[in-house]
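According to the working numbering, the sequence shown is numbered sequentially starting from 6. Following: one structure in structure tokens, then a few remarks.
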Amino acid sequence: PVPFSFHWKTDVAGPKATVRLGAPFRQFSSRLGHEVPCDWCRPFSADGVGSSSPIEVAGEGFKVDLVLQVDKEEGPLFQTKTLTFLPRYVLCNRLDVPIELGQAGAEAAGTAVVEKDGGMAVVRWLDESKDRRVRLRLLPDENRNHEDWDWEWSGALSVETVGYTPVKVWAARRRADGSPHVFNIMVHASMQGAVKLLVVHAQGQDPAILVQNASKFATICYRQAGVERDLQEKAAPGECAGFSWDIPHGPTVLELSFEE
Numbered sequence: 006p007v008p009f010s011f012h013w014k015t016d017v018a019g020p021k022a023t024v025r026l027g028a029p030f031r032q033f034s035s036r037l038g039h040e041v042p043c044d045w046c047r048p049f050s051a052d053g054v055g056s057s058s059p060i061e062v063a064g065e066g067f068k069v070d071l072v073l074q075v076d077k078e079e080g081p082l083f084q085t086k087t088l089t090f091l092p093r094y095v096l097c098n099r100l101d102v103p104i105e106l107g108q109a110g111a112e113a114a115g116t117a118v119v120e121k122d123g124g125m126a127v128v129r130w131l132d133e134s135k136d137r138r139v140r141l142r143l144l145p146d147e148n149r150n151h152e153d154w155d156w157e158w159s160g161a162l163s164v165e166t167v168g169y170t171p172v173k174v175w176a177a178r179r180r181a182d183g184s185p186h187v188f189n190i191m192v193h194a195s196m197q198g199a200v201k202l203l204v205v206h207a208q209g210q211d212p213a214i215l216v217q218n219a220s221k222f223a224t225i226c227y228r229q230a231g232v233e234r235d236l237q238e239k240a241a242p243g244e245c246a247g248f249s250w251d252i253p254h255g256p257t258v259l260e261l262s263f264e265e
């Protein structure tokens, strides 16, 4: 903890504070021609005890959403307020492989690697012109002896949604029969106090959607409405297969057809 006091000269609307990212974060000033400290965030009030307020801080080419919590100390420090800054959006990876996290449409600007088995990362926004959504993809694990399918980015996932969202990740390479190779994951978003925690885990034996082909003679092809035909999946006669929506927040309509 760091002690802080307001100056005796304050605004008529009451004392306000501001914060910024410290070392090692800096930003380049085109006017001065060298790196300078990051910008201060918008002034905020610390009057509301027990309240939580969103704050946005900026670094070099990215922004991070924080949450300010104001609490009151007890005992001898009963007149002291405690200001706690927490990341607003945090992703936790419970898969057994590492994943890559990026802002949808701004992956080229920078991404974060989230380690397997409980690794965590703060969600950053790198492009203000893009929606505040995230995309995921699987990364090869050097400690596992498995075939690398070179995974593509998933569909865009909203960080504001609460609950369970099934997400599909495609492999860049196809199976031997030409069908797409997919991996179905589940993202559980919940509020942990004022922090939105996004937990990524495998669907395993309990898929979000189960497609069962009860036919005895025909192979069924299926895909989400609006998805390209070459991304459709197949279920042979008598086969059951898990399915997730290609577009997480798109139309929840399944298109079916018989294999030609």
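Just so you know, even glycine gets a beta-carbon here, dropped at the ideal spot from N, CA and C. Treat the numbers as computed from the prediction; the structure is a model and nothing was measured.
- Nearest to residue 250 by alpha-carbon distance, out of 127, 214, 241, 37, is 214.
- The straight-line gap separating the alpha-carbon atoms of residue 236 and residue 120 is approximately 28 Å.
- When the alpha-carbon of residue 194 is set against those of 179, 231, 238, 139, the nearest one is in 139.
- Around the CB of residue 111, 16 or more other CB atoms lie within 10 Å, so the residue is classed as buried.
- Under the DSSP assignment, residue 216 falls in the beta strand (DSSP E) whose first and last residues are 214 to 217.
- Annotated three-state conformation of residue 71 is strand, per DSSP.
- With respect to the C-alpha of residue 163, the residue from 219, 227, 96 having the closest C-alpha is 96.
- Annotation for residue 195: the continuous beta strand (DSSP E) segment containing it runs 185 to 197.
- The Cβ atoms of residue 256 and residue 172 lie no closer than 9 Å to each other.
- Residue 90 places its beta carbon less than 9 Å from that of residue 72.
- Rounded to the nearest whole angstrom, the C-alpha separation of residue 262 and residue 218 is 12 Å.
- With 16 or more other Cβ atoms from the protein chains shown falling within 10 Å of its own Cβ, residue 191 counts as buried.
- Secondary structure at residue 233: coil, using DSSP grouped into helix, strand and coil.
- If the five residues before and after residue 245 are omitted, its C-beta is found closer than 8 Å to the C-beta atoms of 215, 216, 217, 218, all from its own chain and listed in chain order.
- Under DSSP, residue 76 takes part in a beta bridge, and its partners are 87.
- Beta bridge pairing from DSSP links residue 32 with 41.
- For residue 59, same chain residues with a beta-carbon under 7 Å away, outside a window of 5 residues either side, are 70, 72, 93 in chain order.
- Contact check for residue 109 and residue 136: beta-carbon distance about 6 Å, within the 8 Å limit, so the pair qualifies.
- Straight-line spacing of the CA atoms in residue 122 and residue 84 works out to 42 Å.
- Cα atoms of residue 229 and residue 79: separation of roughly 55 Å, rounded to the nearest angstrom.
- Per DSSP, residue 127 is one residue of the beta strand (DSSP E) stretching across 124 to 127.
- For residue 103, no beta strand (DSSP E) encloses it, and the DSSP letter there is neither H nor E.
- Inclusion of residue 63 and residue 32 in the CB contact set at 9 Å is warranted, their separation being smaller than that value.
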